[in-house]
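> Following this message is one structure expressed as C-alpha coordinates.
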Amino acid sequence: MRPPSDPLPTADGSPELRDLEDRYGSYCRAMRMLVREGKSLKTVQRTVCWQQLARLHDSRPARYQEPDALYLKLCREGGSGAAATARR
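Note that this note's numbering has the sequence shown beginning at 4, numbered continuously upward.
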(Lines of atoms letter the chains of each structure in order from A; the text may use other names.)
(Lines give C-alpha, C1' and ligand atoms only; values in the text may rest on other atoms or scores of the structure.)
Protein backbone atom coordinates (compact mmCIF):
# COMPACT_ATOMS: atom_id res chain seq x y z
CA MET A 4 0.00 0.00 0.00
CA ARG A 5 1.08 3.54 -0.70
CA PRO A 6 1.32 6.02 2.14
CA PRO A 7 -1.19 8.86 1.89
CA SER A 8 0.07 11.73 -0.20
CA ASP A 9 0.59 15.24 1.08
CA PRO A 10 -2.57 17.36 0.95
CA LEU A 11 -0.66 20.01 -1.02
CA PRO A 12 1.85 19.13 -3.71
CA THR A 13 5.09 20.92 -2.98
CA ALA A 14 7.49 19.97 -5.75
CA ASP A 15 7.13 21.88 -9.02
CA GLY A 16 7.31 18.72 -11.07
CA SER A 17 5.23 16.45 -8.86
CA PRO A 18 2.79 14.17 -10.68
CA GLU A 19 -0.06 15.37 -8.46
CA LEU A 20 0.53 18.99 -9.40
CA ARG A 21 0.83 18.19 -13.11
CA ASP A 22 -2.43 16.26 -12.91
CA LEU A 23 -4.16 19.20 -11.21
CA GLU A 24 -2.82 21.57 -13.84
CA ASP A 25 -4.03 19.30 -16.64
CA ARG A 26 -7.53 19.39 -15.16
CA TYR A 27 -7.60 23.13 -14.42
CA GLY A 28 -10.01 23.81 -17.29
CA SER A 29 -12.40 21.16 -16.03
CA TYR A 30 -12.41 22.65 -12.54
CA CYS A 31 -13.15 26.09 -13.99
CA ARG A 32 -16.01 24.68 -16.10
CA ALA A 33 -17.43 22.96 -13.03
CA MET A 34 -17.27 26.21 -11.08
CA ARG A 35 -18.96 28.04 -13.99
CA MET A 36 -21.78 25.48 -14.00
CA LEU A 37 -22.28 25.86 -10.26
CA VAL A 38 -22.46 29.65 -10.60
CA ARG A 39 -24.97 29.36 -13.44
CA GLU A 40 -27.10 27.14 -11.23
CA GLY A 41 -27.06 29.91 -8.62
CA LYS A 42 -25.16 27.96 -5.96
CA SER A 43 -24.05 30.00 -2.96
CA LEU A 44 -20.41 30.55 -2.12
CA LYS A 45 -20.79 28.36 0.95
CA THR A 46 -22.13 25.49 -1.17
CA VAL A 47 -19.44 25.87 -3.82
CA GLN A 48 -16.71 25.87 -1.16
CA ARG A 49 -17.68 22.31 -0.25
CA THR A 50 -17.05 20.98 -3.79
CA VAL A 51 -14.12 19.05 -5.18
CA CYS A 52 -13.52 21.69 -7.86
CA TRP A 53 -13.11 24.37 -5.16
CA GLN A 54 -10.65 22.21 -3.24
CA GLN A 55 -8.58 21.48 -6.32
CA LEU A 56 -8.55 25.12 -7.43
CA ALA A 57 -7.44 26.08 -3.91
CA ARG A 58 -4.62 23.51 -4.07
CA LEU A 59 -3.47 24.92 -7.39
CA HIS A 60 -3.51 28.47 -6.02
CA ASP A 61 -1.63 27.41 -2.89
CA SER A 62 1.00 25.67 -5.00
CA ARG A 63 1.39 28.35 -7.66
CA PRO A 64 -0.29 31.59 -6.56
CA ALA A 65 1.28 33.65 -9.34
CA ARG A 66 -0.26 31.40 -11.98
CA TYR A 67 -3.65 30.44 -10.54
CA GLN A 68 -6.04 32.87 -8.89
CA GLU A 69 -7.86 32.19 -5.64
CA PRO A 70 -11.11 30.25 -5.99
CA ASP A 71 -12.96 33.14 -4.26
CA ALA A 72 -11.80 35.55 -6.96
CA LEU A 73 -12.77 33.11 -9.71
CA TYR A 74 -16.20 32.59 -8.15
CA LEU A 75 -16.86 36.34 -7.93
CA LYS A 76 -15.58 36.88 -11.47
CA LEU A 77 -17.92 34.19 -12.80
CA CYS A 78 -20.81 35.69 -10.83
CA ARG A 79 -20.20 39.09 -12.39
CA GLU A 80 -19.86 37.61 -15.88
CA GLY A 81 -22.97 35.51 -15.52
CA GLY A 82 -25.07 38.23 -13.96
CA SER A 83 -26.84 35.49 -12.01
CA GLY A 84 -27.07 37.50 -8.82
CA ALA A 85 -24.94 34.96 -7.01
CA ALA A 86 -22.41 37.68 -6.17
CA ALA A 87 -24.85 39.04 -3.61
CA THR A 88 -25.00 35.59 -2.04
CA ALA A 89 -21.19 35.43 -2.00
CA ARG A 90 -21.02 38.32 0.45
CA ARG A 91 -22.92 36.33 3.10
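C-beta: ideal position from N, C-alpha, C; glycine also. Since this is a predicted model, take the numbers as computed values, not measurements.
Note down the Cα distance separating cysteine 52 from serine 29, rounded to an integer number of angstroms.
Your numbering for residue 52 matches position 49 in the sequence shown. Your numbering for residue 29 matches position 26 in the sequence shown. Roughly 8 Å between the two C-alpha positions.
> So, does the region 60-69 touch the region 29-41, judging by three or more C-beta pairs under 8 Å?
no
> Where do the N-terminal and C-terminal ends of the alpha helix (DSSP H) with glutamine 55 fall, by residue?
The sequence position of residue 55 within the sequence shown is 52, counting from 1. From DSSP, the alpha helix (DSSP H) with glutamine 55 extends over 51-62.
> Going by other Cβ atoms of all chains shown within 10 Å of its Cβ, with 16 needed for buried, is methionine 34 buried or exposed?
Translated into positions along the sequence shown, residue 34 becomes position 31. Methionine 34 comes out buried.
> Leaving aside the five residues before and after histidine 60 along the sequence, list all residues of the same chain whose C-beta is less than 6 Å from its C-beta, in chain order.
In the sequence shown, counting from the first residue as 1, residue 60 sits at position 57. Excluding sequence neighbours, histidine 60 sits near Tyr67 and Glu69.
> In terms of residues, what are the limits of the alpha helix (DSSP H) holding serine 29?
Within the sequence shown, residue 29 is the residue found at index 26, counting from 1. Start and end: 27-39.
> With valine 38 and cysteine 78 assumed to form a contact (beta carbons below 8 Å), what rounded beta-carbon distance in angstroms separates them?
Stepping through the sequence shown from its first residue, residue 38 is reached at position 35. Stepping through the sequence shown from its first residue, residue 78 is reached at position 75. That belief holds up - the Cβ atoms of valine 38 and cysteine 78 are roughly 6 Å apart, short of 8 Å.
> DSSP three-state label for arginine 66, please.
Position 63 of the sequence shown holds residue 66. Reduced to three states, the DSSP call for arginine 66 is coil.
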